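A short worksheet on the structure shown next.
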Amino acid sequence: MRTSNQNDSDVVFEVRDLEVTFGTKRGESRVVRNVDFDIHRNETLGMVGESGSGKSMTSSALMNAVVSPGETSGEVTYYPPDGGEPISVLDLDEDELRRFRWGEVAMVFQGAMSSFNPVKKVRGHFVETLEDHNRDVEAGLERAHKILGDLYLDPDRVLDSYPYELSGGMKQRALIGLALILEPEVLVMDEPTAALDLLMQRSIVALLKELKTEYDLTIIFITHDLPLLTKLADRLIVMYAFDIVEVGSTDDILYDAAHPYTRSLLNATPDLKAPIEEMQSISGAKPDPVTNVPGCSYHPRCPMATEACKAQEPPMEDRSASHRTACIHHEDVSDEIPIPAKPMEGELQ
Ligand SMILES: Nc1ncnc2c1ncn2[C@@H]1O[C@H](COP(=O)(O)OP(=O)(O)OP(=O)(O)O)[C@@H](O)[C@H]1O
């Protein structure tokens, strides 16, 4: 679904008709379905939705990094800074992709805690990444010192440690440092705080805000932790059943959610200051990527569903200049599905 018609210098990624499919014994599994969106330069874009909704696959597709035998199709266009030639990411060859992945866009994956090689010191990981990309190792290590310091780590101690010698929070910060070593424009983070305790999660979020300014980053942050995202993201994309159902500024989504699914998500999180563990699940069966639900994919779980919702896939409609949703009943949603009132000023800080 098309979520924006923008195409100006403010756009760093333009994604159109993105599809990710897997062949399975039960038939074709469509885990990303005809998704369209833009990512704006220097924004923090949050992607939220329940587990299995297609967030990780969508973000992997940004780097043409969907695992085999997944098939990615559509268009992913990356606009380098300073008006450089646009790059069609899905057409890059292996060599070009390798350069693109760390140099332009770096990713801190889900379960990143385990993505250091346990028998290699942290310094070795930095050196290997620099060498792989033909960068000057000495200058790179100097930069590593600066970055690790900015991450409130003791650079020498961390570089000289094996991963198991670091706490979870230190390891995660060291991985963020590694992702920044080649000076990427965009940092994609997939559940980077999932394995950390609440305090460490919040401190990493505060740190990311600082890093974004210091390193002039565009950040894409994927999570099903809506309370966490409200503290970090400028805009939110809400995914349901392998597609985008709503996109808007964080305030649009928090205080004027236009899609019944987003409202259920907000109502499942009674206190936006609460940890994710306190979130309730949304009733009804989760969507299956092999099945094609006719009409709106949310209609089997939606309290507002009508015959029209079963008949036709809803188009993306404007709710305001910054806010779009795929629900034909969005004008009635505020009356039908109330959400918590706007928190007091400063309450979410
Ligand atoms: N290797 C794979 N082969 C086939 N299907 C897969 C594979 N990996 C994931 N999927 C399916 O793709 C769909 C989307 O998964 P994805 O990981 O993108 O969801 P997600 O929203 O990121 O969930 P989570 O928050 O749990 O990571 C899911 O239905 C999942 O079962």
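Offset between the sequence shown (1-based) and the working numbering: plus 16. We put the beta carbon where it would ideally sit given N, CA and C, even for glycine. Because the structure is a prediction, the values reported are computed rather than measured.
Report the residue from Pro-316, Ala-273, Val-105 and Leu-245 whose alpha carbon sits nearest the alpha carbon of Ala-327.
Position 311 of the sequence shown, counted from the first residue, corresponds to residue 327. Measuring from the Cα of Ala-327, the nearest candidate turns out to be Pro-316.
Do the CB positions of Val-263 and His-275 come within less than 7 Å of each other?
As a first step, residue 263 must be located in the sequence shown, where it is residue number 247. As a first step, residue 275 must be located in the sequence shown, where it is residue number 259. Cβ distance not < 7 Å, so Val-263 and His-275 don't count as in contact.
Helix or strand or just coil, what does DSSP make of Glu-87?
On the sequence shown, position 71 is the one that residue 87 refers to. Strand, per DSSP.
With C-beta atoms as the reference, is Glu-352 less than 7 Å away from Met-332?
Sequence index remark: in the sequence shown, residue 352 carries index 336 (1-based). Sequence index remark: in the sequence shown, residue 332 carries index 316 (1-based). Against a cut-off of 7 Å, the Cβ pair of Met-332 and Glu-352 comes out as no contact.
Just to confirm the assignment: which complete beta strand (DSSP E) runs, minimum length 3, are found wholly within the segment 168 to 226?
202 to 206
Assign Ala-337 to buried or exposed, taking buried as 16 or more other Cβ atoms, counted over all protein chains shown, within 10 Å of its Cβ.
Numbered from 1 along the sequence shown, position 321 holds the residue referred to as residue 337. With fewer than 16 other Cβ atoms within 10 Å, it is exposed.
Let me know if Leu-215 comes out buried or exposed under the rule of 16 or more other beta-carbons within 10 Å of its beta-carbon.
Position 199 of the sequence shown, counted from the start, is the residue given in the question as residue 215. The residue in question, Leu-215, is exposed, as its Cβ has fewer than 16 Cβ neighbours within 10 Å.
Using 6 Å as the cut-off, classify the Cβ of Lys-71 as near or not near the heavy atoms of ligand 1, replying yes or no.
Along the sequence shown, one-based indexing puts residue 71 at 55. Lys-71: yes, Cβ under 6 Å from ligand 1.
Under 7 Å, do Leu-203 and Ala-122 count as touching if we go by C-beta distance?
Position 187 of the sequence shown, counted from the first residue, corresponds to residue 203. Position 106 of the sequence shown, counted from the first residue, corresponds to residue 122. Their beta carbons are under 7 Å apart, which means Leu-203 touches Ala-122 by this criterion.
Is Pro-28 near ligand 1 - that is, is its Cβ less than 6 Å away from at least one heavy atom of it?
In the sequence shown, residue 28 corresponds to position 12, counting from 1. Note on identity: in this sequence residue 28 is Val, with Pro being the wrong assignment. For ligand 1, not one heavy atom lies less than 6 Å from the Cβ of Val-28.
Name the residue from Asp-172, Gly-300, Gln-217 and Glu-207 whose alpha carbon lies nearest to the alpha carbon of Lys-137.
Walking along the sequence shown from the start, residue 137 turns up at place 121. The option with the nearest alpha carbon to Lys-137 is Asp-172.
Identify, in the order they occur along the chain, each residue of the same chain with its Cβ nearer than 7 Å to the Cβ of Ser-350, setting aside the five sequence neighbours on each side.
In the sequence shown, counting from the first residue as 1, residue 350 sits at position 334. Contacts found: none.
Which of helix, strand or coil does DSSP assign to Ala-257?
Indexing the sequence shown from 1 puts residue 257 at position 241. In this structure, Ala-257 counts as coil in the three-state DSSP scheme.
Please report the straight-line C-alpha distance between Phe-125 and Asp-206, rounded to a whole angstrom.
The residue labelled residue 125 in the question sits at position 109 within the sequence shown. The residue labelled residue 206 in the question sits at position 190 within the sequence shown. Distance between the alpha carbons of Phe-125 and Asp-206: 5 Å.
Does the beta-carbon of Gly-362 have 16 or more other beta-carbons within 10 angstroms, so that it is buried, or is it exposed?
On the sequence shown, position 346 is the one that residue 362 refers to. At Gly-362 the pLDDT is 45, less than 50, meaning the model places this residue with poor confidence; the figure from the coordinates comes in the next sentence. By the neighbour-count rule (16 or more Cβ atoms within 10 Å), Gly-362 is not buried but exposed.
Grouping DSSP H, G and I as helix and E and B as strand, with all else coil, what is Glu-110?
Within the sequence shown, numbered from 1, the residue matching residue 110 stands at position 94. In this structure, Glu-110 counts as helix in the three-state DSSP scheme.
Under 7 Å between the Cβ atoms of Tyr-256 and Tyr-180?
Position 240 of the sequence shown, counting from 1, holds the residue named residue 256. Position 164 of the sequence shown, counting from 1, holds the residue named residue 180. Going by C-beta atoms, Tyr-256 is not nearer than 7 Å to Tyr-180.
What would DSSP say about Met-360, mapped onto helix, strand or coil?
Within the sequence shown, numbered from 1, the residue matching residue 360 stands at position 344. Only weak support exists for where Met-360 lies, its pLDDT of 40 falling under 50; the coordinates are left without a value.
Report whether the distance from the Cβ of Ser-89 to the nearest heavy atom of ligand 1 is below 6 Å.
Sequence index remark: in the sequence shown, residue 89 carries index 73 (1-based). No, Cβ of Ser-89 sits at least 6 Å from all heavy atoms of ligand 1.
Among Ala-77, Asp-148 and Asn-58, which one has its Cα closest to the Cα of Asn-50?
Residue 50 sits at position 34 when you count from the first residue of the sequence shown. Here the closest residue by C-alpha is Ala-77.
The alpha helix (DSSP H) with Leu-78 in it runs from where to where?
Locating residue 78 in the sequence shown gives position 62, where the first residue counts as 1. Counting along the chain, the alpha helix (DSSP H) containing Leu-78 begins and ends at 71 to 78.
Quick one: using the 10 Å Cβ neighbour count with 16 as the cut-off for buried, is Lys-247 buried or exposed?
Numbered from 1 along the sequence shown, position 231 holds the residue referred to as residue 247. Classification of Lys-247: buried, given that the 10 Å Cβ count is 16 or more.
So does Val-47 have its beta carbon nearer than 6 Å to some heavy atom of ligand 1?
Walking along the sequence shown from the start, residue 47 turns up at place 31. Yes.
Which two residues bound the contiguous beta strand (DSSP E) that contains Gly-43?
Mapped onto the sequence shown, residue 43 falls at position 27. Start and end: 43 to 56.
Quick one: give me the first and last residue of the alpha helix (DSSP H) that His-339 is part of.
What you label residue 339 is simply residue 323 of the sequence shown in a count that begins at 1. First-last for His-339: 339 to 341, but that is the beta strand (DSSP E), not the alpha helix (DSSP H).
Contacts around Glu-347, its chain only, beta-carbon distance under 7 Å, and the 5 residues preceding and following it disregarded
Here residue 347 refers to the residue found at position 331 when the sequence shown is read from its first residue. For Glu-347, where only same-chain residues beyond five positions count, there are no Cβ hits under 7 Å.
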